[in-house]
Every structure is written in C-alpha cells, then in structure tokens.
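Reviewing the structure listed below.
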Amino acid sequence: MKNYSRKFRRMIFSVPLFLVLTFICVSQASASTISIDESGTINNWALNPVTSPNNDASSISLTVQSDTQPWYVKVNDALDGNKPESSAGHLAEWNTTSSSYVTNPHVLTNNMNVAASAGSGYSVGSAISLSNTNQNIVTGSVINTPVTIPINVSQQVIYSDMHLTNDRVYRLVVTFSGGFS
Amino acid sequence: MKTKLLIIAGLLVIAFAVMITPVMAGNTATVTANPSKVISVTVNGGITNWALDPTNSPKIDASDVTLTVSSNDPGWTVAVKDALDQDTGSNSKPNAGYLVDYNTNTNLWGTTHLGSPLKVESASVTGITGNPGSPVILSNTDQTIETGASDSTGTGTFTTTPLTFTQPVAYTDQVLGSNHVYRIIVTFTGTAT
Chain A
1 MKNYSRKFRR
11 MIFSVPLFLV
21 LTFICVSQAS
31 ASTISIDESG
41 TINNWALNPV
51 TSPNNDASSI
61 SLTVQSDTQP
71 WYVKVNDALD
81 GNKPESSAGH
91 LAEWNTTSSS
101 YVTNPHVLTN
111 NMNVAASAGS
121 GYSVGSAISL
131 SNTNQNIVTG
141 SVINTPVTIP
151 INVSQQVIYS
161 DMHLTNDRVY
171 RLVVTFSGGF
181 S
Chain B
1001 MKTKLLIIAG
1011 LLVIAFAVMI
1021 TPVMAGNTAT
1031 VTANPSKVIS
1041 VTVNGGITNW
1051 ALDPTNSPKI
1061 DASDVTLTVS
1071 SNDPGWTVAV
1081 KDALDQDTGS
1091 NSKPNAGYLV
1101 DYNTNTNLWG
1111 TTHLGSPLKV
1121 ESASVTGITG
1131 NPGSPVILSN
1141 TDQTIETGAS
1151 DSTGTGTFTT
1161 TPLTFTQPVA
1171 YTDQVLGSNH
1181 VYRIIVTFTG
1191 TAT
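See the structure below:
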C-alpha cells in the first residue's frame, strides 16, 4: 500500500513537469514562423501554339513573411481534386459542370513551368518544371517584413494539344509551401 | 521505474521533434486554360512548265504539291479555290478555275484560257479525310478537299501526300507564243471549326 502511494505521488509530480516541458517546447516552436499568402488565379488562359511558350507574369503573386532566415518557398502539383497522378505537373482536362477531373483526361504535352520574379530580400532560381515533388523557387533572407513575390507561369503548347469544347478546360492547382532551410 | 523513464524519454523526444520542426505555410493558385483554335496551312511546291498534251489528256500531276497542315482543333477543314489573284501584275485574273494566258514579261493576264478547268484532289491519310475519287473542279468559291478527324487524332501537324492536279487538254487549247504561259494560282484556306 505504501509503495503504491509513492508511485502515485511520483506520477502526480511528473504531470506538471511534463506540462512545463511541453510549454517550453511549444514556445520554442512558435519562435520560427513563415506565412505565405497567395493572391490571384489564371482563368481561361488563351494558350496559343503559334506564340508558344505562353507566359503570365502578372496574375499570381505571393506575400511571404518570416521571422527566421533563410527561408524558402517551394512549389508542386499536389494533385488537388483527385487529379490523376499521371498528369502531375501538366494541365489536365477538367469538367466545369461537375467540377471534377475527367477520367482519362486530355493533358497538355508539356509540364507547366513556374518561377519567381527577382526582388529585394530574396533570391530566385530558374524556372522549374512543375511536378508532384516540391521544388525550390525562392530563398529568402528578409525577416519580419512582408515581401511580395510575383510568380511567372509559362506554358508551352503544341498543335497536338487539343482545343477543348463545351464545359471542358485544362486545369491545375499549384501549391506553394514555405519553410526554413 | 524503468517504464516510467522510458515514457518520459519518449515524450521528450516527441517534444524535441516538435521544437525543431519549422512552422510550414502553404497556399494554392488555380490555373485554368484552353488553347485557342488555330490552323496553319503551308503549301509546299508548285507546278512549273507543265507539258500539257492533248494526245495524253487529261494530264495528271500527283507529285509536286503537298500541304502541311497544323491545327489543334479536331474537325478542321482545308478548302481550295482560284482567288483570281492579281499577283505582280496590274490586272486581275479572269476566268475562275481555268489556266489563263499570262505574259511573263509584263506580268499581265490575257484572256485566252484552257477549255477545261483545273481539278484538285487530296488523298485520305491518318487523321485526314481527303476527297479521293471526287476531285473538286476549281472555281472562285471555296471547296473543301480535306477534313481533320473529329477526335484528338485530327490534331497536330500533318503533311499530306502529294495533291493530285488534273488538267484536261483539247486540240482547241491553242499553243501560246513566247513569253506567254497558261497560269493559275491555287489558294488553300484552312478553317478551324
């Protein structure tokens, strides 16, 4: 009975200890934060094989704020909306009526390319060919100040990339994620 | 006691992992697009100094002219006509569909023409339906000689097999003097549906 009571007291003692440890850890974790606010979309992009590649450097931008450096922004095609894995990085046929990707969709031949425009407080790499794997497009050094980064999207089309009719368009959701190097 | 230590150690490992994991942030941008309907038609080659012969009529040329068609729109068409081009001369061509006397020195069209109009025919190949066996009789109105397939096999770039030009010749088609030839400019027009 005496041993049991001692064990109970130790357990009771360990609870606040654990809470204190957890508090410390959470406090440490919250010391490094980065936020990414995406702005803009590209709707009904009129792609043209004659003037390919087609570029859009004005529709999408990111506002990044971090309290730690160096930070990064990576990009991928996360296959949102049950987009077929085989279409990763490519615009794929989307039914605007049912708001879903088409089974066995038409897919543009070339991957979409994504890059960030150069600016102050961060460095950019060359355009990446989008895939379902995260790829770095920005490495930042500025902290505690929001920085706006224009995103350049480029899409090459060829004549065999079929024009879609009725309620069909090509669609892709680009995912941006931030973190620390 | 050992168990308790293990539990505490485990909790510390988890807490440490949480501590060193950076806070991630993410966001998405949606892109929707559609290629605009386009078609490009390139004419390759021409027929020059065609030796017409009334004893061997009609004269057929099935080797000198091909078309390269590029389109992203299934169901595209290519039509043909005599657009009565003025070309480099100062007067317009008369007699639509017929080869007409042309002065190679002055670049002027005359009025003499062959007795029969020119006919044009395109073979069917993968992705393209032509008009084999049913040549169009050339006029100044567009007439379809090729249609792209209505599915994705009708998109891309195609080079046709040589077009077939057929020209009947009769003894009444007079021989022209020096610096004169019979001439016509055939115009091909591609249309996306």
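Top line first, the protein sequences correspond to chains A and B.
Just so you know, the first sequence maps onto residues 1 to 181 in this note's numbering.
Just so you know, the second sequence maps onto residues 1001 to 1193 in this note's numbering.
Cβ atoms here follow ideal geometry from the backbone N, Cα and C, with glycine treated the same way.
Here the structure is a predicted model, which means the values were calculated and not measured.
- Between L108/A and V174/A, the CB-CB gap reaches or exceeds 8 Å.
- Under a 10 Å Cβ-count criterion, T1088/B is classified as exposed, with fewer than 16 other Cβ atoms of the shown protein chains found around its own Cβ.
- Taking C-beta atoms under 8 Å as the contact rule, G81/A and S129/A fail to qualify, at a distance of about 21 Å.
- With respect to N1091/B, L1114/B sits apart: the two C-beta atoms are not nearer than 8 Å.
- For the C-beta of D161/A, the chain B residues within less than 8 Å are, from N- to C-terminus, P1035, N1072 and T1155.
- For G1097/B, DSSP assigns no beta-bridge partner whatsoever.
- DSSP places G1154/B in the helix class (H, G or I) of the three-state scheme.
- Put simply, the region 89 to 101 of chain A does not touch the region 53 to 72 of chain A. Fewer than three CB pairs are less than 8 Å apart.
- Distances from the alpha-carbon of D1085/B to those of N1072/B, T1077/B, I1137/B and G1097/B put G1097/B closest.
- Chain-ordered, the chain B residues with CB closer than 8 Å to the CB of G40/A read A1029.
- Secondary structure at T1055/B: helix, using DSSP grouped into helix, strand and coil.
- Nearest Cα to K74/A within the set S126/A, T165/A and Y159/A: S126/A.
- About 16 Å separates the CB atoms of E85/A and H106/A; that is not less than 8 Å, and the two are not in contact.
- Residue burial is scored here from C-beta neighbours: D1073/B has at least 16 other C-beta atoms within 10 angstroms and is therefore classed as buried.
- Around the beta carbon of S123/A, a 10 Å sphere encloses fewer than 16 other beta carbons of the protein chains shown; the residue is thus reported as exposed.
- Looking at the backbone, the Cα of D167/A and that of T96/A are separated by about 5 Å.
- V1038/B has a beta carbon lying within less than 8 Å of a beta carbon in chain A.
- Taking a Cβ-Cβ cut-off of 7 Å, T1147/B has no neighbours in chain A, whose nearest Cβ is about 16 Å from it.
- Going by DSSP, H1180/B is part of the beta strand (DSSP E) stretching over H1180 to R1183.
- Chain B places a beta carbon closer than 8 Å to that of Y170/A, counting this residue as a contact.
- Between the region 1032 to 1039 of chain B and the region 36 to 55 of chain A, the count of C-beta pairs closer than 8 Å reaches three or more; the two stretches touch.
- Under the Cβ distance rule, H106/A counts among the residues neighbouring chain B, one pair being separated by less than 8 Å.
- Proximity of S1152/B to chain A, defined by a Cβ-Cβ separation below 8 Å, is satisfied.
- Residue pairing for Q1167/B: DSSP places it in a beta bridge opposite K1059/B.
- Beyond the five residues adjoining it in sequence on each side, S58/A comes within less than 8 Å, by CB distance, of P150 in the same chain, given in chain order.
- Under the Cβ distance rule, T1066/B does not count among the residues neighbouring chain A, no pair being separated by less than 8 Å.
- In this structure the region 1141 to 1158 of chain B does not lie against the region 1042 to 1054 of chain B, because fewer than three pairs of beta carbons, one per stretch, are closer than 8 Å.
- T1187/B and D56/A have their C-alpha atoms some 37 Å from each other.
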